[in-house]
Amino acid sequence: MSAHGDPIPMTARRSGPLKGEAVVPGDKSISHRALILGALAVGETRISGLLEGQDVLDTARAMRAFGAEVTHEGPGAWTVQGVGVGGFAEPPDVIDCGNSGTGVRLIMGAMATSPVTATFTGDASLRKRPMGRVTEPLALFGTRAFGRQGGRLPMTLIGAAEPVPVRYAVPVPSAQVKSAVLLAGLNAPGETVVIEREATRDHTERMLAGFGATLRVEDGAEGRAIVLTGQPELRPQTIAVPRDPSSAAFPVAAGLIVEGSDVLVPGIGLNPTRAGLFTTLREMGADLSYENAREEGGEPVADLRARFSPDMTGIEVPPGRAPSMIDEYPILAVVAAFADGATVMRGIGELRVKECDRIAAMVTGLRACGAEVEEGEDWMIVHGHGPGSLPGGATCATHLDHRIAMSFLCAGLAAQRQVSIDDGGPIATSFPIFEGLMAALGAAFARGTE
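Heads up: the sequence shown runs through residues 35 to 484, numbered per our numbering.
Next up, the structure:
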């Protein structure tokens, strides 16, 4: 699959039982951070299991542009010769981050307190997404940003020549914003403090500590405060990237809704700030078990076994769980269409500013497939009618969003009639082996629409 170029229409048809082992790629969030922190360390960082999707490859190219030596050694194996905190060189050309909001926002943070200038752009989807939520706190360090109306890409950042430490309360739950501020704080003197009212994924804090940064977490009246001491010398690391729970969500979900299925998804990262979907599915009555629980690279890991679950019921998902599963609501909405009763998802307004407006995209597509769905500004309710009940028969627009594309393809595997998507190309940004992996389990996918 290619994330760029001509659209790749695809169709999914009702399948027989999905069986076998689904070995999904490395975690995208951790892969981005491993490359960036490796570039900010002094010496050689070795990475295994790196996700080689387009989003991460774009971040690797960006680190090269800022002066780090980034080398592909073999499948999933990379080395990064870092330039040290504050050692970024000025890139010779525009930094193209493709489809990756995580990549561009974290890279902006990493360069924001170095005296260099960089211009960022991305694909049509990324150029629509707001960057002000990152550039506003970065301005507190002394960084200047000049972009299109509404704080959108293309955008030029002028790094702070004499950065100052910052104390910043994140206004919305966003690991990207938190991480950008922490990365900027690395090259500021004194202590930079980030406060979040709701805990978001903590990969950045874990990895900063692993690279030798001095960091502590304090719980107070304002919320969870992450306190980072600036200007450390980061030590290079050997990083084994766990497999991505957001990618695992798709074979897991398909296993739950396709009759007779039994799918094993090994080695999945179960960081508590990322595992909300699996908790939710189990609460719905999914036959989803954790096997061989262990720890790898400082992250909890287990093998997931998903079996067809005809007795799932709709639930009200706690709004406080949203940060731990924000990328998984599209596939949860699909599963909900095959459960019995209403699945209520509240506090999910962040979905409207992802690769596309994911609430609108899922509501429109599910309705076209015959599902009963309600929506509000920050909520969605899917009324399911049990296994095999989704009529299907629609072609759904993906809006250049990989998760929308994969969600509707999974829906088609259990719907009464085929479900098509207008473009499967964006799937390569996060899960380049998705089509082949699912086909090996028995999924009835085809290129083109009918």
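Quick reminder that beta carbons are idealized off the backbone N, C-alpha and C, glycines included. From a predicted model like this one, the values you see are computed outputs, not experimental measurements.
The continuous stretches of beta strand (DSSP E) do not include A243, which lies in the alpha helix (DSSP H) extending over residues H237 to G244. The DSSP-derived three-state label of G410 is strand. Note that the C-beta distance between F465 and P59 is below 8 angstroms. Between the alpha carbons of L249 and D345 lies a gap of roughly 45 angstroms. In the DSSP assignment, F468 falls within the alpha helix (DSSP H) that extends over F468 to L475. Taking the Cα positions, V215 is about 26 angstroms away from W112.
Taking one beta carbon from each stretch, the stretch 46–56 and the stretch 225–237 have fewer than 3 pairs nearer than 8 angstroms; the two do not touch. With respect to P109, A233 sits apart: the two C-beta atoms are not nearer than 8 angstroms. For the 8 angstroms CB-CB criterion, V351 and V378 form a contact. One alpha carbon belongs to G156, the other to L74, and they sit about 23 angstroms apart. Annotation for G348: M318, A370, A373, D374, G375, A376, T377, V378, V416, H417 and G418 place their beta carbon closer than 8 angstroms to its own, counting only its chain and skipping 5 residues before and after. Taken through DSSP and simplified to helix, strand or coil, M318 comes out as coil.
About 7 angstroms separates the CB atoms of M97 and V114; that is less than 8 angstroms, so the two are in contact. E330 is bridged by DSSP to E333. Rounded to the nearest angstrom, the gap between the Cα atoms of S441 and L366 is 9 angstroms.
Annotation: the continuous beta strand (DSSP E) that includes L249 extends over L249 to G254. Between C390 and H436 the beta-carbon gap is near 10 angstroms, outside 8 angstroms, which marks them as no contact. Taking each of S281, P197, F312 and I382 in turn and checking the Cα distance to P207, the smallest one comes out for I382. By the Cβ neighbour-count rule, E196 is exposed, with fewer than 16 other Cβ atoms within 10 Å of its own.
For F180, the enclosing beta strand (DSSP E) starts and ends at R178 to R182. Annotation: the continuous alpha helix (DSSP H) that includes F442 extends over H436 to G446. At a Cβ-Cβ threshold of 8 angstroms, V211 and P149 do not count as neighbours. In the DSSP assignment, E170 falls within the unbroken alpha helix (DSSP H) covering G166 to F175. Runs of alpha helix (DSSP H) with 4 or more residues, each lying fully within the stretch 337–396, are found at 363–371, listed in chain order. Counting of Cβ neighbours within 10 angstroms places D236 among the buried residues, the total reaching 16 or more. Secondary structure at T155: strand, using DSSP grouped into helix, strand and coil. Taking the Cβ atoms as the reference, V453 lies roughly 31 angstroms from P164, outside the contact range of under 8 angstroms. The criterion of a C-beta distance shorter than 8 angstroms is satisfied by D89 and N133. If the five residues before and after G181 are omitted, its C-beta is found closer than 8 angstroms to the C-beta atoms of M165, T169, L187, P188, M189 and T190, all from its own chain and listed in chain order. If you compare the alpha carbons of E293, L85 and A152 with that of A123, the shortest gap goes to A152. Bounds of any alpha helix (DSSP H) do not take in P300; it lies within the beta strand (DSSP E) bounded by D296 to G303. Per DSSP, the unbroken alpha helix (DSSP H) holding P279 starts and ends at P279 to I291. Note on geometry: alpha-carbon atoms of G39 and T483 lie some 18 angstroms from one another. Boundaries of the alpha helix (DSSP H) harbouring I70: K62 to L74, taken from the DSSP string.
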